Amino acid sequence: MRVYNTLTRRKEELKTITPGEVKIYACGPTVYNFIHIGNARPLCVFDTMRRYMEYRGLKVNFVQNFTDIDDKIIRRANEEGTDYKTVSEKYINEFWTDTRGMNIREATVHPKATENIDEIISIIESLVDNGYAYPVENGDVYFSPKKFSEYGKLSHQPLEDLEAGARINIGELKKEPMDFALWKGAKEGEPYWESPWGKGRPGWHIECSAMVRRYLGKTIDIHCGGQDLIFPHHENEIAQSECCNGTPFANYWMHNGYINVDNVKMSKSLGNFFTVREVAEKYGYEPIRYLMISSHYRSPINYSVDIIEQCKASLSRLYNCRDSLDFASENAVDTLPDNAEDIKKALNSRREQFIKAMDDDLNTADAISAVFELVRDINTSVVTASPSAELVREAKEIFDELTDVLGLVYNRKTDSLDSEIEKMIEQRTEARKSRNWAEADRIRDELKAMGIVLEDTPHGVKWHRE
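Numbering (the numbering used here), first residue to last: 59 to 524.
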């Protein structure tokens, strides 16, 4: 498998530290609100990457954090007249609702910043002792990027360019504009933890360094997240981790592209900002997942009503194909057609096509194309007037295998029809036998209004719910 490494700006063969195993850290949400569709992209993309690696036989140790103490969380707690813990736990629970809705698997570990204070303090102490960081009189502790000669290597910008946009805000006691907080001295009324520098709480960047080291080790295989995190968050993680540990932090850095809304970059200030919950209430969760992996992960994607409707239509094609396989298996014969070997070869070639796409820097767009070519093969060669049981079984296996890697087609209904609807379908069948087309059409339209869609086949009536 080859992946694009942001650090080197090229595709590289993935060579893990331990053969057969891969250690991945993905930056998680700051839990002060519902996740938005921008958050959904890395969640869906890197869940798919994890699924694919497991499919290919790798043992994946996948860690994703919760930032459960932060200025935004404290602000939300003050607005709601509660405390940071109540706010963070509320939105962690909402996170689970949305991620389960999008069929995202739980990480191996989901650590919280507040569960790792001792590890955070240990790293900061090391950085202070070795001259990379310094405390100031109000209890803040700052890291000095100028002390790290490789600062800027991930964002590929020299320190002078990065420094040009930095400033010292009112109340900050740091020495240089680029210095960033490792520890923040507690202000009145804020939650705090005891430290060698007084009461305070961790800065944002340091928590990820601490959790990577505690749960995965000093050097990991892959660190991933949204493109917006490259600078300053991931750049700062590298600096503080490598200065503390004396080893490379991550061998590969993977970043997904931005999301636009109606071709404009998503932004709260522009009012084009949507939560996953808002979109799911209108269109369901699965179209969101489909949208997030329908393009190559490094490319920007566009969200619009038309596009999400197209995602729903594409998913319907996948569901209809899988339902057709189930229906065909009920009417399958034991004999194989004369061209069975050619059909098997075509089906298996789609698996190979899928793997080739995913091995090429997780190209889910081409992988989805392979799945739809598989659907075409199934519809033309497997779901026939006399379907072969063996071919149907093989087609099901490949279809389920590939869609599971993508995390799609997970809402299949196996429910049966109630007796009243079954009776209506029988009445329509009798009307057709009597060539009473008007009555047959009336019953079909009545069923459609109830959400039951009928399809007449050589083997009888096939139905599905809209």
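The beta carbon of each residue, even a glycine, is placed where N, CA and C say it ideally should be.
Given the structure is predicted, the values throughout are model-derived calculations rather than measurements.
| Closest Cα partner of residue 121 within the set 113, 265, 183 and 290 | As a first step, residue 121 must be located in the sequence shown, where it is residue number 63. Here the closest residue by C-alpha is 265.
| Nearest to residue 70 by CA position, among 310, 209, 157 and 166, is which residue? | Residue numbering aside, residue 70 sits at position 12 when the sequence shown is read from its first letter. Minimum Cα distance to residue 70 is reached at 310.
| field | CA-to-CA distance, residue 250 to residue 285, given in whole angstroms | value | Walking along the sequence shown from the start, residue 285 turns up at place 227. Walking along the sequence shown from the start, residue 250 turns up at place 192. Distance between the alpha carbons of residue 285 and residue 250: 31 Å.
| said: Could you compute how far the alpha carbon of residue 343 sits from the alpha carbon of residue 510? | reply: Here residue 343 corresponds to residue number 285 of the sequence shown, with the count starting at 1. Here residue 510 corresponds to residue number 452 of the sequence shown, with the count starting at 1. Here the C-alpha atom of residue 343 lies approximately 21 Å from the C-alpha atom of residue 510.
| message | Within 8 Å, do at least three Cβ pairs link the stretch 202 to 215 to the stretch 102 to 111? | response | no
| request: Using only alpha-carbon positions, find the residue among 312, 297, 78 and 178 that is nearest to residue 68. | output: As a first step, residue 68 must be located in the sequence shown, where it is residue number 10. When each option's Cα is compared against that of residue 68, the closest is 312.
| First and last residue of the uninterrupted beta strand (DSSP E) at residue 525 | No answer is possible for residue 525: the residues shown for the chain start at 59 and end at 524.
| said: Starting from residue 348, trace the alpha helix (DSSP H) in both directions and tell me its first and last residue. | reply: One-based indexing of the sequence shown puts residue 348 at position 290. First-last of the alpha helix (DSSP H) with residue 348: 344 to 351.
| query | By Cβ distance below 7 Å, which residues in the same chain neighbour residue 263 in space, the five residues on each side in sequence not counted? | reply | Here residue 263 is taken as the residue at index 205 of the sequence shown, counted from 1. 238, 291, 294, 295 and 298.
| request: Count the CB pairs spanning the stretch 369 to 382 and the stretch 390 to 401 that are closer than 8 Å, and state whether there are at least three. | output: Judged by Cβ distances under 8 Å, the stretch 369 to 382 makes no contact with the stretch 390 to 401, as fewer than three pairs qualify.
| request: Pull up the DSSP beta-bridge partners for residue 579, would you. | output: There is no way to answer for residue 579, as the model of the chain reaches only from 59 to 524.
| With a CB to CB cut of under 7 Å and the five nearest residues on each side skipped, what residues in its chain are close to residue 273? | Counting from one through the sequence shown, the residue named residue 273 turns up at place 215. So the list reads 121, 167 and 169, once near-sequence residues are dropped.
| Three-pair Cβ contact test at 8 Å for the stretch 422 to 437 versus the stretch 316 to 333 | no
| Can you tell which of 477, 174, 407 and 512 has the C-alpha that lies nearest to the C-alpha of residue 127? | Counting from one through the sequence shown, the residue named residue 127 turns up at place 69. Comparing Cα positions, the closest option is 174.
| said: Output needed for residue 259: all residues of its chain with C-beta closer than 8 Å, excluding positions within five of it in sequence on either side, in chain order. | reply: Locating residue 259 in the sequence shown gives position 201, where the first residue counts as 1. Excluding residues within five positions, the ones whose Cβ falls inside 8 Å are 127, 241, 242, 244, 248, 249, 250 and 251.
| query | Assuming residue 456 contacts residue 409 under a Cβ cut-off of 8 Å, what Cβ separation, rounded to an integer in Å, is found between them? | reply | For this step, residue 456 is matched to residue 398 along the sequence shown. For this step, residue 409 is matched to residue 351 along the sequence shown. Yes, they are in contact, since the Cβ atoms of residue 456 and residue 409 sit about 6 Å apart, within 8 Å.
| request: Grab the span of the beta strand (DSSP E) containing residue 279 for me, first residue to last. | output: The residue you call residue 279 lines up with position 221 of the sequence shown. Residue 279 -> beta strand (DSSP E) spans 278 to 284.
| Which residues mark the beginning and the end of the alpha helix (DSSP H) in which residue 263 is found? | Working through the sequence shown from its first residue, we reach residue 263 at position 205. From DSSP, the alpha helix (DSSP H) with residue 263 extends over 262 to 273.
| request: Kindly give me the distance between the Cβ atoms of residue 334 and residue 156, rounded to whole angstroms, as I take these residues to be in contact under 8 Å. | output: The residue you call residue 334 lines up with position 276 of the sequence shown. The residue you call residue 156 lines up with position 98 of the sequence shown. Between residue 156 and residue 334 the Cβ distance is about 5 Å, and since that is below 8 Å, they are a contact.
| query | What residue range is occupied by the uninterrupted beta strand (DSSP E) comprising residue 124? | reply | Here residue 124 is taken as the residue at index 66 of the sequence shown, counted from 1. Taken as a continuous stretch (DSSP letters only), residue 124 belongs to no beta strand (DSSP E), as it is neither H nor E.
| request: Please indicate yes or no: does the CB of residue 380 lie closer than 8 Å to some heavy atom of the ligand ZN? | output: As for the ligand ZN, it is missing from this structure, which has no ligand bound.
| Given 8 Å as the limit, is there contact between the stretch 408 to 425 and the stretch 459 to 471, that is, 3 or more CB pairs closer than that? | With the rule of 3 Cβ pairs closer than 8 Å, the stretch 408 to 425 counts as touching the stretch 459 to 471.
| request: Consult DSSP for residue 55 and reduce its assignment to one of helix, strand or coil. | output: The chain is shown only over 59 to 524; residue 55 falls outside these bounds and no answer can be derived.
| message | Nearest by alpha-carbon distance to residue 340: which of 358, 147 and 366 is it? | response | Here residue 340 is taken as the residue at index 282 of the sequence shown, counted from 1. When each option's Cα is compared against that of residue 340, the closest is 366.
| Which residues share a DSSP beta bridge with residue 256? | On the sequence shown, position 198 is the one that residue 256 refers to. Per DSSP, none; premise fails for residue 256.
| request: Take residue 337 as the anchor and find which of 96, 414 and 64 has the nearest alpha-carbon. | output: In the sequence shown, counting from the first residue as 1, residue 337 sits at position 279. Minimum Cα distance to residue 337 is reached at 96.
| query | Rounded to the nearest angstrom, how far is the Cβ of residue 390 from that of residue 450, given a contact under 8 Å? | reply | Against the sequence shown, residue 390 aligns to sequence position 332. Against the sequence shown, residue 450 aligns to sequence position 392. At roughly 5 Å, the Cβ-Cβ gap stays under 8 Å, so residue 390 and residue 450 are in contact.
| So is residue 477 buried or exposed if we call it buried at 16+ other beta carbons inside 10 Å? | Position 419 of the sequence shown, counting from 1, holds the residue named residue 477. Burial call: exposed.
| request: Per DSSP, which residues does residue 512 bridge with? Please list them. | output: Locating residue 512 in the sequence shown gives position 454, where the first residue counts as 1. In the DSSP output, where bridge partners are listed per residue, residue 512 has 521.
| Three-state class that DSSP yields for residue 308 in the structure shown | The sequence position of residue 308 within the sequence shown is 250, counting from 1. Strand, per DSSP.
| said: Can you tell me whether residue 69 is helix, strand or coil according to DSSP? | reply: Here the question's residue 69 lines up with position 11 in the sequence shown. Strand.
| request: Drop a sphere of 10 angstroms on the beta-carbon of residue 495, count the other beta-carbons inside from all chains shown, and report buried for 16 or more, exposed for fewer. | output: To locate residue 495, count along the sequence shown from 1; it is residue 437. So residue 495 counts as exposed.
| said: Our contact map puts residue 452 next to residue 405 with C-beta atoms below 8 Å; I'd like the distance itself, whole angstroms only. | reply: Numbered from its first residue, the sequence shown carries residue 452 at position 394. Numbered from its first residue, the sequence shown carries residue 405 at position 347. Indeed they touch by this definition, with Cβ atoms about 6 Å apart.
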